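Reminder that position 310 of the sequence shown reads as 312 in the numbering used here, one-by-one numbering, no gaps.
C-beta atoms are modelled at their ideal positions from N, C-alpha and C, and glycine is treated no differently.
Computed from a prediction, not measured in an experiment: that's the story for all the values here.
Okay, structure first, notes after.
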Amino acid sequence: MMTQTPIPLLEINDLEVRYPAGSFLSRLAGGPREVTILPGTSLSVRPGETVGLIGESGSGKTTLGRAAVGLAPVSGGTIRIGADTMSTERGRSWIRMRRDVGLMFQDPVAALDPRMRIGTSVTEPLVIHRMLEGKSRREKAVELLRQVGLGAEFADRYPHQVSGGQARRATVARALALNPELVIADEPTAGLDLSVQGELLNLLNELQTRLGISFLMITHNLAVARHVTDRIAIMYLGRIVETGRSQDIFAHPAHPYTRALLRARSATRETAAPLTGENPSLAARPDGCEFHTRCPLATDHCRVAAPQGRSIGTGHYVTCHRAEEVLAGVGVADPAAGKFLRKSTDMETTT
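See the structure below:
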């Protein structure tokens, strides 16, 4: 009997987000009026799974997470959460949706009001949505804090009186306050020591198992993604260029950018050529494949023709003209490590 793929809990299709470009004077002088951060991005999260959204700083990861909860201006596309399709206009549908989606901001200290005790901050969503019933506010705060491994005494402390790891746990408690089905975690381990990172990731895994929560984990840390995600989406200039099961992406990355990210986290040989150049400006996107200005495998075709997303395996999709060659190791010394050689004639056999 065939197993049906679960209906996504979060489904984003062709999402567009634009912001005004530069100053009023620069636009008056003929400069671009808008910058497109997300040019038509699609992503899904299924019930009970963790999806990692990975890319360099400035790639649009945080913008997508904020747009998914109505905190960034959406100019096109659709966002569906559960059975509800969100309007591009902010209104009551977004207010209802925020009961089902928790958000962990990138900076835990900034996410907690320095003037509020932690217990007050943690229960603030319940007050906003008028859902604090049957218990006092402090009782509920203590319950939420204990759920993330913090004692009752933390309810009475201020953010500056706790460590970075404790502040992050408090933001997890706040994200769980409304019993959400989905939590969007923006760089949850940023700025934490390795041991504290491990403790936090174990906590998130435990909460997912116990509560059945789905996670969209926004990160540039591939080690974190490998540890906790079921699927991975790689983002470059606001586009998803590769997506698939985590084990497939790490074992068989098919996009040159994915390979470059994997190479960057591992030791490289002297023969391995670095990924050169900087990200192109979002206000002046390259023609063709937008990665061609940094890609060691780019051809003339890549420079003029934008690739379309396509399947290269079960649940594995890539946006690259040369994906099959990349998978075969053309121009790559160690496919699993994602190391590019300067020339295909320099290819070595690895063991």
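| Item | Value |
| --- | --- |
| For Gly167, which of helix, strand or coil comes out of DSSP? | helix |
| With DSSP as the reference, identify every bridge partner of Leu45, one or two as the case may be. | Ile14 |
| Please report the distance separating the alpha-carbon of Leu180 from that of Cys297. | 44 Å |
| From the DSSP output, in three-state form, read off Val124 for me. | helix |
| Could you give the distance in angstroms between the alpha-carbon of Gly84 and the alpha-carbon of Gly50? | 13 Å |
| Just to confirm, is the Cβ distance from Leu114 to Ala192 under 8 Å? | no |
| Do you know whose CA, among Phe293, Leu284, Thr125, lies nearest Thr260's CA? | Phe293 |
| Is Tyr21 buried or exposed, if buried means 16 or more other CB atoms sit within 10 Å of its CB? | exposed |
| In the structure shown, what three-state DSSP assignment does Phe217 receive? | strand |
| Among the residues of its own chain, which have a CB less than 8 Å from the CB of Ser59, if the five just before and after it don't count? | His222 |
| For His162, does the three-state DSSP call read helix, strand or coil? | helix |
| Whose C-alpha, out of Pro127, Ile236, His318, is nearest the C-alpha of Val427? | The shown model of the chain, from 3 to 353, leaves out residue 427, and the question about it has no answer. |
| How far does the alpha helix (DSSP H) with Val111 in it reach, from first residue to last? | 110-113 |
| With DSSP collapsed to three states, give me the class of Glu326. | helix |
| In the DSSP assignment, the beta strand (DSSP E) including His318 goes from what residue to what residue? | 318-320 |
| For Ile236 and Ser248, I'd like the C-alpha separation in whole angstroms. | 11 Å |
| Touch check for the stretch 316-323 and the stretch 238-246: three-plus C-beta pairs under 8 Å? | yes |
| Can you round the beta-carbon distance between Ala227 and Ile234 to whole angstroms, since I take them to be within the 8 Å contact cut? | 6 Å |
| Under 8 Å, do Gly78 and Glu155 count as touching if we go by C-beta distance? | no |
| According to DSSP, is Thr65 helix, strand or coil? | helix |
| Can you list, in chain order, the residues of its chain whose CB lies under 8 Å from that of Pro282, leaving out five sequence neighbours each side? | Leu239, Pro288, Glu292, Thr295 |
| Distance, Cα to Cα, Arg117 vs Arg265? | 44 Å |
| Taking DSSP's pairing of strands, which residues face Ser313 in a bridge? | Tyr319 |
| Whose CA, out of Val71, His229, Val198, lies closest to the CA of Pro182? | Val71 |
| Does Ser138 pass the burial test, meaning 16 or more other C-beta atoms within 10 Å, or should it be called exposed? | exposed |
| Which one of Asp16, Gly167, Asp158, Arg48 has the shortest CA to CA distance from Asp109? | Gly167 |
| From Ile251 to Ser216, what distance separates their C-alpha atoms? | 20 Å |
| Name the two residues that bound the continuous alpha helix (DSSP H) containing Thr260. | 258-266 |
| Can you tell me whether Gly67 is buried or exposed, with buried defined as 16 or more other CB within 10 angstroms of its CB? | buried |
| Taking the C-alpha atoms as reference points, what is the distance between Leu299 and Val306? | 14 Å |
| Count the other C-beta atoms from every protein chain shown that fall within 10 angstroms of the C-beta of His257, then say buried if there are 16 or more, exposed otherwise. | buried |
| On the CB-based measure, 16 or more other CB atoms within 10 Å of its CB, does Leu11 come out buried or exposed? | buried |
| Which residues does DSSP list as the beta-bridge partners of Pro22? | Glu36 |
| Going by beta-carbon coordinates alone, are Arg140 and Gly153 separated by less than 8 Å? | no |
| With 16 as the cutoff for other CB atoms within 10 Å, does Val230 come out buried or exposed? | buried |
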